[in-house]
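Peer 1: The number in the working numbering is simply the position in the sequence shown, starting from 1, with 2 added.
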Amino acid sequence: MNVIPLLLALGLCYTGSICKGFEIAHHHNYEEMLQVMEDVAEKCPNITYLYSIGETAGNKGRELVVIVLSDNPEKHEVGEPEFKYVANMHGNEVVGRELVLDMIVYLCDQYNRGNKTIQKLIDTTRIHIMPSMNPDGWEKADGNQAGKDWLVGRSNANNVDLNRNFPDLDYKIYHDQSKNNHLDFQYSPVFQPETMAVMDWIINTPFVLSANLHGGDLVANYPYDESRSGNKQDYAKSPDDNTFVYLAESYAENHKEMSESHEPCEPMDEGDDFGEKGGITNGAEWYSVSGGMQDFNYLASNCFEITLELGCEKFPPASDLPKYWDDNKNALIEYIWQTHIGVKGVVADENNNPIADAVIKVTNLTGGQNKYINHDITTGQQGDYWRLLVPGQYEVKACAAPKYKCVGKMVTITNPRHTEAQVVNFILPAATAKSQKREKFVNENQVFNTAEKANEEADYERMAELKELLAAYLKGRTN
Ligand SMILES: *[C@@H]1O[C@H](CO)[C@@H](O)[C@H](O)[C@H]1NC(C)=O
Ligand SMILES: *[C@@H]1O[C@H](CO)[C@@H](O)[C@H](O)[C@H]1NC(C)=O
Ligand SMILES: *[C@@H]1O[C@H](CO)[C@@H](O)[C@H](O)[C@H]1NC(C)=O
Ligand SMILES: [Zn+2]
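1. May I ask whether a heavy atom of ligand 4 can be found less than 8 Å away from the beta carbon of asparagine 31?
2. Where the beta carbon is closer than 6 Å to any heavy atom of ligand 2, which residues qualify, in chain order?
3. Within the same chain, show all residues whose beta-carbon is closer than 8 Å to that of asparagine 457, passing over the 5 residues directly before and after it, in chain order.
4. Do you know how far the Cα of isoleucine 379 is from the Cα of tyrosine 387?
5. Could you pull out every residue in the same chain whose Cβ sits closer than 7 Å to the Cβ of tyrosine 176, ignoring the five residues on either side in sequence?
6. Leaving aside the five residues before and after phenylalanine 187 along the sequence, list all residues of the same chain whose C-beta is less than 6 Å from its C-beta, in chain order.
7. Comparing C-alpha positions only, which one of Pro319, Glu40, Met91 and Asp125 sits nearest to valine 80?
8. Taking all protein chains shown into account, do 16 or more other C-beta atoms lie within 10 angstroms of the C-beta of histidine 130, making it buried, or fewer, making it exposed?
9. Can you give me the start and stop residues for the beta strand (DSSP E) that phenylalanine 246 sits inside?
10. Bridge partners of tyrosine 87, per DSSP?
11. Aspartate 227 and valine 291: beta carbons closer than 9 Å?
12. Taking one C-beta from the segment 305-318 and one from the segment 238-250 each time, how about it: are there three or more such pairs within less than 8 Å?
13. Residues with a Cβ closer than 5 Å to any heavy atom of ligand 4, in chain order?
14. The beta strand (DSSP E) that contains isoleucine 282, what's its start and end?
15. Quick check on lysine 399: does DSSP put it in helix, strand or coil?
16. Determine the closest residue to glutamate 141 out of Asn354, Gly60 and Val162, with distance taken between C-alpha atoms.
17. Quick check on serine 231: does DSSP put it in helix, strand or coil?
18. Quick check: what's the CA-CA separation for leucine 9 versus aspartate 322?
19. Looking at serine 263 and isoleucine 282, is the spacing between their C-beta atoms short of 9 Å?
20. What residue range is occupied by the uninterrupted alpha helix (DSSP H) comprising leucine 334?
21. Which runs of the beta strand (DSSP E) spanning at least 3 residues fall entirely within the segment 49-85, listed in chain order?
22. Who are the Cβ neighbours of glutamate 287 in its own chain at under 7 Å, not counting the five residues just before and after it?
23. Are the beta-carbon atoms of valine 97 and proline 133 separated by less than 9 Å?
24. Taking buried to mean at least 16 other C-beta atoms within 10 Å of its own C-beta, is tryptophan 152 buried or exposed?
25. Please tell me whether, using a cut-off of 8 Å, the distance from the CB of glycine 369 to the nearest non-hydrogen atom of ligand 3 is below it.
26. According to DSSP, asparagine 223 sits in a beta bridge with which residue or residues?
27. Smallest Cα separation from glycine 373: which of Gly382, Asn354 and Gln395?
28. Contact between the segment 208-222 and the segment 74-91: three or more CB pairs below 8 Å?
29. Run through the DSSP bridge pairs and tell me what methionine 412 is partnered with.
30. Write down the C-beta distance between alanine 402 and alanine 360 rounded to the nearest angstrom, noting that I regard them as a contact closer than 8 Å.
31. Is the beta carbon of serine 240 less than 9 Å from the beta carbon of tyrosine 173?
32. With a threshold of 16 other CB atoms inside 10 Å of the CB of glutamine 194, please say whether the residue is buried or exposed.
33. Less than 9 Å separating the beta-carbons of leucine 52 and glutamate 40?
34. Just reading off the alpha helix (DSSP H) that histidine 377 is part of, what are its end residues?
35. Quick check: what's the CA-CA separation for asparagine 417 versus phenylalanine 428?
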C-alpha cells in the first residue's frame with residue numbers, strides 16, 4: 003500500500019512538512035521513535051522540549067523520553083495546567099505508542115499551519131508525552147518470532163509488570179479514610195527503575211490530568227483500580243467518581259467506536275460488553291488491580307489519571323494503524339482539553355506572596371446538598387492550583403493551617419468547551435487563635451461526615467471517636 007495518499011487523506015501531513023519520512027502505517031522501534039520526537043522538536047522548536055526521566059532496567063541504556071508541547075515548553079508557568087499521556091507501559095501493547103507519535107506530528111503541523119484551536123490548546127496547556135514507558139518490553143514483543151503474544155514483552159527487562167509495581171496506596175485508605183490525598187509512601191528496592199522514575203516525575207510535576215494507554219480491550223477505565231472488598235470484581239468509587247465518569251466518557255464519546263455498541267474482545271469475561279455500557283468502566287468493577295499507576299496518581303499527587311484500552315489487539319499489524327489514528331484522533335485531543343474543567347487560581351497571603359502546599363477543599367452544594375468531596379488538592383510552589391470539577395455549585399475553600407485563616411468562595415461551574423478553567427484566587431489572612439480552633443473543628447467534622455457514610459467497622463470506631471471529640475468541643479464551648 004502506498005502510504006502517502008493515506009497520510010494526506012487522514013490530514014496528517016501536507017507537502018514539505020515533517021511527515022515526509024513519517025509513516026503512519028509503521029511500528030516505530032526505539033531509535034525510530036526518538037527520531038520522530040526529534041523531528042517534531044526540530045519542526046516546532048518554539049513549542050517543544052525533549053527530556054528524559056531516567057533509564058530503563060535493561061542493559062541497552064534506553065531512556066524514558068518525554069516530549070513537551072506548549073508555549074514556553076521548558077518550564078512551568080503560573081496558572082498553566084500540566085497534562086500527560088504515558089503509553090506502552092506494557093511493552094506488547096503498542097497502539098498507544100504509535101497514536102501519541104501520530105498526535106505530536108499532527109499537533110506540531112496544525113500549530114505551524116495556524117490552526118487556532120490547536121494553538122490555543124498548546125499555548126494554554128503544558129502537554130507531556132511519553133510514547134514508551136517500557137521500550138525494553140516493546141523490543142522483546144516485536145522480536146518474538148512466535149508471533150505477537152498476549153504476554154511476551156508485557157513486563158520490563160526484569161520481568162516485572164510495571165502496572166503492578168507502584169506503591170499500594172488503596173490499601174492505606176481502606177484502613178484509614180481520614181486522608182484521601184497526598185498519601186505518603188516509602189521507596190523500596192522492589193520498585194523498578196521505570197516505576198521509580200515515573201513516581202518521581204508524578205510527584206515533582208504539577209500534573210492535573212493524565213491518561214495511561216494500554217491495549218487488549220476497548221474501554222476507558224477510571225479509578226479506583228483496586229477493589230475495596232478484596233473481591234476480584236467490585237465497583238470501587240473514589241470521592242471524585244462523578245468527575246472520573248465524565249472524563250472517561252469524554253474519551254469514549256469522542257472515539258469513533260468506543261462508546262458505540264461493538265463486539266466484545268476475546269477472550270472476554272462475562273460482563274465485559276463495554277459497548278453496552280458507553281465504553282467506560284470502573285477499574286475494580288472490571289478486575290481489581292493493586293499497585294497500579296492510575297490509583298497512585300490520584301492518591302499520591304494532584305493528578306487525575308484514567309486508563310485507556312485502545313483495542314482488542316495488543317500488537318496489530320502496521321497496516322491497521324491508520325484506522326486506529328482515525329478512530330482516536332478527536333478523543334486524544336478532546337481529552338487534553340479536559341485539563342481545563344473546574345476551577346484554578348492562585349493562593350497568596352495578604353502581601354501577595356504565593357502560598358505553596360495550601361489545601362483546596364471542595365464541597366458540592368448542587369441542588370441544596372452539602373457534600374464534602376473527600377479529596378483535597380494542594381497548591382504548587384508558585385501558589386497555583388487546579389481543581390477538576392463537573393458542572394454544579396460548589397464551595398471552594400483554601401486553607402493553609404496553622405498560619406492562615408481558611409477562605410471559602412461559592413463557585414458555579416459550567417465548563418464551556420475549549421475554554422480555560424474559571425479563575426478563583428484566594429488571599430488568606432493570618433490566623434487567630436479562634437480561627438485555628440474553628441478550623442480544627444470543621445476538619446474533624448468533615449471526616450465525621452465521611453465516616454458516617456462508610457459501613458466498615460473501623461470507620462464506626464473512628465466515628466465514635468469523633469463523636470466524643472465533637473461532644474467535648476461543644477461542652478467546652480457552652481461552659
Ligand atoms: C519561533 O519564535 C520566534 C520568536 O518569536 C519567531 O521569530 C520564529 O519564527 C518562531 N519559529 C517558528 C518555527 O515558529
Ligand atoms: C484544527 O484542529 C481541530 C482539532 O483537531 C480540527 O477539528 C479542525 O478541523 C482543525 N481546523 C482546521 C482549519 O484544519
Ligand atoms: C455535585 O452534585 C451534582 C448533583 O448531585 C452532581 O451531578 C455532580 O456530579 C456533583 N459533582 C461532583 C464533582 O461530584
Ligand atoms: Zn496493559
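Don't be surprised by glycine CBs; every beta carbon is placed ideally from N, CA and C.
Peer 2: On the basis of the supplied data:
1. Not so, every heavy atom of ligand 4 lies at least 8 Å from the Cβ.
2. Qualifying residues, in the order they occur: Gln112, Asn117, Thr119, Ile120 and Ile335.
3. Because the pLDDT of asparagine 457 is 37, which lies under 50, any placement of that residue in the model is unreliable, and the number read from its coordinates should be weighed accordingly. Only residues of its own chain outside the window of five on either side were considered, and among them none has a CB closer than 8 Å to the CB of asparagine 457.
4. Roughly 7 Å between the two C-alpha positions.
5. The residues are Arg230.
6. Answer for phenylalanine 187: Pro169, listed in chain order.
7. Taking only the C-alpha atoms, the option nearest valine 80 is Asp125.
8. Here histidine 130 is buried, its C-beta having at least 16 other C-beta atoms within 10 Å.
9. That residue, phenylalanine 246, is in no beta strand (DSSP E); its alpha helix (DSSP H) goes 243-256.
10. According to DSSP, tyrosine 87 bridges with Ile131 and Ala213.
11. Inclusion of aspartate 227 and valine 291 in the CB contact set at 9 Å is warranted, their separation being smaller than that value.
12. These segments touch.
13. Result (chain order): His92, Glu95 and His216.
14. That run of the beta strand (DSSP E) goes 282-284.
15. In the structure shown, lysine 399 sits in a strand (DSSP, three-state: E or B).
16. Closest option to glutamate 141, Cα to Cα, is Gly60.
17. If DSSP states are grouped into helix, strand and coil, serine 231 belongs with coil.
18. Because leucine 9 carries a pLDDT of 46, less than 50, the predicted location of this residue cannot be relied on, and the following value inherits that uncertainty. Their backbone Cα atoms lie some 13 Å apart in a straight line.
19. No, Cβ-Cβ distance for isoleucine 282 and serine 263 is not below 9 Å.
20. Start and end: 323-339.
21. Entirely contained in the segment 49-85, the beta strand (DSSP E) runs reaching 3 residues are, in chain order, 50-57 and 65-71.
22. If the five residues before and after glutamate 287 are omitted, its C-beta is found closer than 7 Å to the C-beta atoms of Gln235, Asp236 and Tyr237, all from its own chain and listed in chain order.
23. No, the Cβ-Cβ distance between valine 97 and proline 133 is not below 9 Å.
24. Flag for tryptophan 152 reads exposed.
25. Yes, Cβ of glycine 369 sits closer than 8 Å to a heavy atom of ligand 3.
26. Paired residues: Thr283 and Thr309.
27. Going by the sequence as given, residue 373 is lysine instead of glycine. Between lysine 373 and the set Gly382, Asn354 and Gln395, the nearest pair of CA atoms involves Gln395.
28. As far as the Cβ criterion goes, the segment 208-222 touches the segment 74-91, which means the pair count is three or higher.
29. For methionine 412, the pairing in a beta bridge is given by DSSP as Glu397.
30. Yes, alanine 402 and alanine 360 are in contact; Cβ-Cβ is about 4 Å, under 8 Å.
31. For the 9 Å CB-CB criterion, serine 240 and tyrosine 173 do not form a contact.
32. Residue environment analysis places glutamine 194 among the buried positions, since at least 16 neighbouring C-beta atoms fall within 10 angstroms of its C-beta.
33. Taking a C-beta distance under 9 Å as the contact criterion, leucine 52 and glutamate 40 qualify as a contact pair.
34. Run containing histidine 377: none in the alpha helix (DSSP H); it sits in the beta strand (DSSP E), 373-380.
35. Separation of asparagine 417 and phenylalanine 428 (C-alpha to C-alpha, rounded to the nearest whole angstrom) is 20 Å.
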